[in-house]
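> Here it is: the structure, laid out below.
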Amino acid sequence: MRAIVAALVLVSIFAVSLLAQTDSQAPGRMIDVGGWRMHINCTGTARAGQPTVILEAGSSDFSIDWAFVQPAVATFTRVCSYDRSGSGWSDLGPYPHTLKQIVFELHLLLEKAGESAPLVYVGHSYGGRIGRLYAATYPGDIRGIVFVDAGHEDSLVMLNGKLLREWESATGKPVPEPKATDPLRVEDLPANLRRQFEAAAAANANRPVGPPHNKLPPELQRARAWAISQVKWFASNNSPFEGDEILALKNARAATAYPLGDTPVVVLTRGIPVDPAGERGAEREEERHRLAADLAALSRNGKQINASAATGHHIHIDEPQLVIGAIRDVVRELVR
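Counting in this note's numbering, the sequence shown runs without a single skipped number right up to 340 at its last residue.
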């Protein structure tokens with residue numbers, strides 16, 4: 005009971021710090037990374053030899069979605085959540101916003117913010133792909149990984165009304181190298197595309213926050229509602245090279261038995277089935293667990309943990325103690 009009360013107090017303090025909903029009053033720091041600013045919120049202290057934990061949100065999520073995890077992790081090590089370019093409080097960055105670009109920007113952000121390796125990377129959903137590419141691009145920086153119901157390159161997604169492997173949308177076009185300058189501006193968007201984004205943003209402004217984000221404190225729900233009503237957010241989630249980059253991850257996985265070597269890896273998987281009523285429900289469940297096991301097998305030192313039966317895709321909101329425990333275990337393994 006004391007642990008639960010303490011956790012609620014920490015979340016309450018964290019939420020109060022997020023009451024501001026304008027970029028000039030962001031809860032963390034706004035760091036200029038080359039003509040545009042990115043938001044990073046770091047708390048806690050890394051003791052000698054301890055890693056800093058990086059919290060990477062899913063494709064439609066923000067730094068605030070770690071509100072039930074970050075305060076607890078900050079009690080035993082340094083921990084940073086951040087908003088990718090165009091997301092939350094961060095400005096739009098260069099286009100296209102590829103995985104390569106995101107990895108480059110995160111590395112640059114950490115460098116300019118003075119947050120150095122070693123790192124434990126915690127990636128939810130889409131964030132898992134970012135972590136894998138980061139580890140390959142900057143070998144040695146990431147010493148441990150926690151995948152929170154992270155996507156696999158063979159996962160099925162709905163594309164143009166069809167269930168496909170995302171890599172099947174690859175076009176064969178070379179993925180551009182990351183850019184360090186020339187951020188995109190909303191006013192530079194083609195007029196028709198800008199109108200579409202403005203309409204979608206306006207619709208989101210009047211949409212109530214749904215589950216599981218309605219479990220967040222009211223002030224964080226308001227911050228999230230503000231974040232998804234920004235035109236820049238729609239512009240940032242728009243890379244034409246997604247399939248090609250996922251195919252590259254697939255090919256890299258096939259080329260090496262253990263791409264992550266002996267890095268401690270914990271894979272957390274949801275409890276609620278993806279498609280319980282669908283014709284392929286049982287088949288998809290079997291595949292989901294098989295792909296999660298394959299993520300654990302990226303390292304010789306990987307393991308998979310299943311969340312409780314009532315836990316959905318956002319494990320860090322539905323069952324935050326599971327995520328906190330996995331992070332604590334990885335940190336302990338690295339410093340023992």
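C-beta atoms are modelled at their ideal positions from N, C-alpha and C, and glycine is treated no differently. What you are looking at is a predicted structure, and each value in this text was computed from that prediction instead of being measured.
What does a CB cutoff of less than 7 Å around Trp171 pick up in its chain, not counting 5 residues either side in sequence?
Excluding sequence neighbours, Trp171 sits near Glu157, Gly247, Ile250, Leu251 and Lys254.
> Less than 8 Å between the beta carbons of Arg147 and Leu326, yes or no?
No. Outside cutoff.
> I'd like to know whether the C-beta atoms of Val190 and Arg199 end up nearer to each other than 8 Å.
No, the Cβ-Cβ distance between Val190 and Arg199 is not below 8 Å.
> So if DSSP puts Asp36 in a beta bridge, which residue, or which two residues, is it bridged to?
Beta-bridge pairing links Asp36 to Arg41.
> Quick one: Cα of Pro98 to Cα of Arg304, how far?
Approximately 36 Å between the Cα atoms of the pair.
> Based on Cα-Cα distance, which residue from Ser159, Val213 and Ser243 lies nearest to Pro178?
Nearest option by C-alpha distance: Ser243.
> Hey, Gly53 and Thr79 are a contact pair by Cβ (cut 8 Å); roughly how many whole angstroms apart?
At roughly 17 Å, the Cβ-Cβ gap does not stay under 8 Å, so Gly53 and Thr79 are not in contact.
> Is it true that the CB of Val83 sits closer than 8 Å to the CB of Leu59?
Cβ atoms of Leu59 and Val83: closer than 8 Å.
> Between Arg284 and the rest of its own chain, which residues show a CB-CB distance below 8 Å, the 5 nearest in sequence each way excluded?
Hits under 8 Å: none found.
> I need the DSSP call for Asp4, collapsed to helix, strand or coil.
Lying outside 5 to 340, the shown extent of the chain, residue 4 is not represented and no answer is given.
> Are the segment 295-309 and the segment 266-277 touching, with three or more C-beta to C-beta distances below 8 Å?
The segment 295-309 is in contact with the segment 266-277.
> Three-state secondary structure (DSSP) at Phe66?
In the structure shown, Phe66 sits in coil (DSSP, three-state: anything other than H, G, I, E or B).
> Within this structure, are the beta carbons of Tyr86 and His43 separated by less than 8 Å?
Against a cut-off of 8 Å, the Cβ pair of His43 and Tyr86 comes out as a contact.
> Tell me which residues share the same chain as Arg169 and place their Cβ nearer than 6 Å to its Cβ, disregarding the 5 neighbours each side in the sequence.
So the qualifying residues of the chain are Asp158.
> Would Trp40 and Leu96 qualify as a contact pair, given that the criterion is a beta-carbon distance under 8 Å?
It is a contact, given that the beta carbons lie within the stated cut-off.
> Hey, quick one: how far does the beta strand (DSSP E) through Val150 stretch, first residue to last?
Per DSSP, Val150 belongs to the beta strand (DSSP E) from Ile146 to Val152.
> For Ile319 and Asp153, which I take to be in contact (beta-carbon distance under 8 Å), what is that distance rounded to the nearest angstrom?
Yes, they are in contact, since the Cβ atoms of Ile319 and Asp153 sit about 6 Å apart, within 8 Å.
> How far does the alpha helix (DSSP H) with Tyr138 in it extend, from its first residue to its last?
Here the alpha helix (DSSP H) through Tyr138 covers Gly131 to Thr141.
> Confirm, please, whether the CB-CB distance from Leu123 to Pro55 is below 8 Å.
Going by C-beta atoms, Pro55 is nearer than 8 Å to Leu123.
> Report, in whole angstroms, the separation of the C-beta atoms of Asp69 and Ile321, which I expect to be a contact under 8 Å.
So it is a contact: roughly 7 Å between Cβ atoms.
> Tell me, which residues are paired with Leu59 by DSSP?
According to DSSP, Leu59 bridges with Ser85 and Val126.
> Check the C-beta distance from Val161 over to Ile134 and give it rounded, since I have them as a contact under 8 Å.
Rounded, the Cβ-Cβ distance is 16 Å, inconsistent with contact.
> May I ask which residues mark the beginning and end of the beta strand (DSSP E) holding Gly155?
Gly155 -> no beta strand (DSSP E), and no H or E assigned at all.
> Out of Asp192, Glu290 and Val335, state which residue places its alpha-carbon closest to the alpha-carbon of Lys236.
If we check each option's Cα against that of Lys236, Asp192 comes out closest.
> Taking buried to mean at least 16 other C-beta atoms within 10 Å of its own C-beta, is Gly306 buried or exposed?
Answer is buried; the Cβ neighbour count reaches 16.
> Find out if the Cβ-Cβ distance for the pair Tyr125, Ser63 is shorter than 8 Å.
Cβ distance not < 8 Å, so Tyr125 and Ser63 don't count as in contact.
> Ile276 by DSSP, collapsed to three states: which one?
The answer is coil: DSSP assigns Ile276 none of H, G, I, E or B.
> Would Thr26 be called buried (16 or more neighbouring beta carbons within 10 Å of its own) or exposed?
Bear in mind that a pLDDT of 46 at Thr26, under 50, signals an unreliable position, so the number given afterwards is only what the model happens to contain. Flag for Thr26 reads exposed.
> Look up Lys166 in the DSSP assignment and give the residues it is bridged to.
Note: Lys166 sits in a beta bridge opposite Leu163.
> Do you know offhand how far Pro31's Cα is from Ile232's?
Distance between the alpha carbons of Pro31 and Ile232: 17 Å.
> Between the beta-carbon of Leu220 and the beta-carbon of Ala71, is there less than 8 Å?
A contact, by the Cβ cut-off of 8 Å.
> Across which residues does DSSP place Gln308 in a beta bridge pair?
According to DSSP, Gln308 bridges with Val271.
> Kindly give me the distance between the Cβ atoms of Gly90 and Ala239, rounded to whole angstroms, as I take these residues to be in contact under 8 Å.
Right, their Cβ atoms sit about 6 Å apart.
> Can you grab the Cα-Cα spacing for the pair Asn218 / Ala259, in whole Å?
Going from the Cα of Asn218 to the Cα of Ala259 covers about 42 Å.
> Mind reading off the beta-carbon distance from Ser67 to Ala76? Whole number of angstroms is fine, and I expect it under 8 Å.
Ser67 to Ala76, Cβ: 16 Å. No contact.
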